[in-house]
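Here's the structure we're looking at; comments come further down.
In our numbering, the protein residues as written are 41 to 267.
Quick look at the structure:
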């Protein structure tokens, strides 16, 4: 469902809209459409023509590729403030390089390609912000590759949980809750589902976390870095 952005909608801080003055920001937001997407629905599909840019305002989404066998390889966990479809900022963009799907109900600000290009010409800061975001994602993947080569599976899983606790966790009196499955955690950590399950079970016995279906609760996040 797409409609104009409600005036009461609070704007989530995003690096894509950084360093814009109030006039520019208001015009960019006025050009956006508001879209609510149900859980487990496609936002973008890898290989499709890029025609929209999505700024996540609420909810969570996953950014992934499919292997030849149809298995999902999770690339990024999208949280409020993140962008989907950054390639749409280009004049002649290549196809979407990966797919994005909602995990929970999501709210987006959405710009179609033509509108986005007009805004980028009027406000070059948008293009600079887009480049900075692209470099940020490249750095994430570089660090992830280095971690595969230099760090143990246990450390990679612990670091993934700590990042998620900061980016997507909900603080409760009993700990930090993260809505994510074992399979998604194993993909983000570049380790096998079996190893992920074994480590989580060990940490649960140690009292560092608790597990429910599709959810991990960190009792004391800093304890994960204690081997």
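Cβ coordinates follow ideal geometry from the N, Cα and C atoms, glycine included.
*Would you mind reading off the limits of the beta strand (DSSP E) that contains residue 74?*
The count along the chain shown starts at 1 and reaches residue 74 at position 34. Residue 74 -> beta strand (DSSP E) spans 73-77.
*Which residues in the same chain as residue 209 place their Cβ atom closer than 6 Å to its Cβ, once the five residues preceding and following it in sequence are excluded?*
As a working mapping, residue 209 is identified with position 169 in the chain shown. Cβ-Cβ distances below 6 Å link residue 209 to 216 and 218 in the same chain, with the five nearest sequence neighbours on each side left out; the list follows chain order.
*When the Cα atoms are used, what is the spatial distance from residue 167 to residue 51?*
Position 127 of the chain shown, counting from 1, holds the residue named residue 167. Position 11 of the chain shown, counting from 1, holds the residue named residue 51. Their Cα atoms are separated by approximately 20 Å.
*Quick one: grab the DSSP three-state call for residue 172.*
By 1-based counting over the chain shown, the position of residue 172 is 132. It is helical.
*Going by beta carbon distance, what residues of the same chain come within less than 6 Å of residue 187, once the five residues before and after it are set aside?*
Mapped onto the chain shown, residue 187 falls at position 147. Result list for residue 187: 196, in chain order.
*Per DSSP, cross-strand counterpart(s) of residue 84*: Position 44 of the chain shown holds residue 84. Under DSSP, residue 84 shares a beta bridge with 140.
_Boundaries of the beta strand (DSSP E) in which residue 20 is found, first to last residue_ = Residue 20 is absent from the model: the chain starts at 41 and stops at 267.
*Can the beta-carbon of residue 129 be found closer than 8 Å to that of residue 99?*
Translated into the one-based positions of the chain shown, residue 129 becomes position 89. Translated into the one-based positions of the chain shown, residue 99 becomes position 59. Against a cut-off of 8 Å, the Cβ pair of residue 99 and residue 129 comes out as no contact.
*Identify which residue in 226, 237 and 115 has its Cα closest to the Cα of residue 180.*
For the purposes of this step, residue 180 is taken as residue 140 along the chain shown, with counting starting at 1. Comparing Cα positions, the closest option is 115.
*Cβ of residue 118 within 8 Å of Cβ of residue 95?*
Taking the chain shown and counting its residues from 1, one reaches residue 118 at position 78. Taking the chain shown and counting its residues from 1, one reaches residue 95 at position 55. Here residue 118 is not near residue 95, since their CB atoms are 8 Å or more apart.
*residue 102 to residue 56, Cα distance in whole Å?*
Residue 102 sits at position 62 when you count from the first residue of the chain shown. Residue 56 sits at position 16 when you count from the first residue of the chain shown. So the alpha carbons of these two residues sit roughly 19 Å apart.
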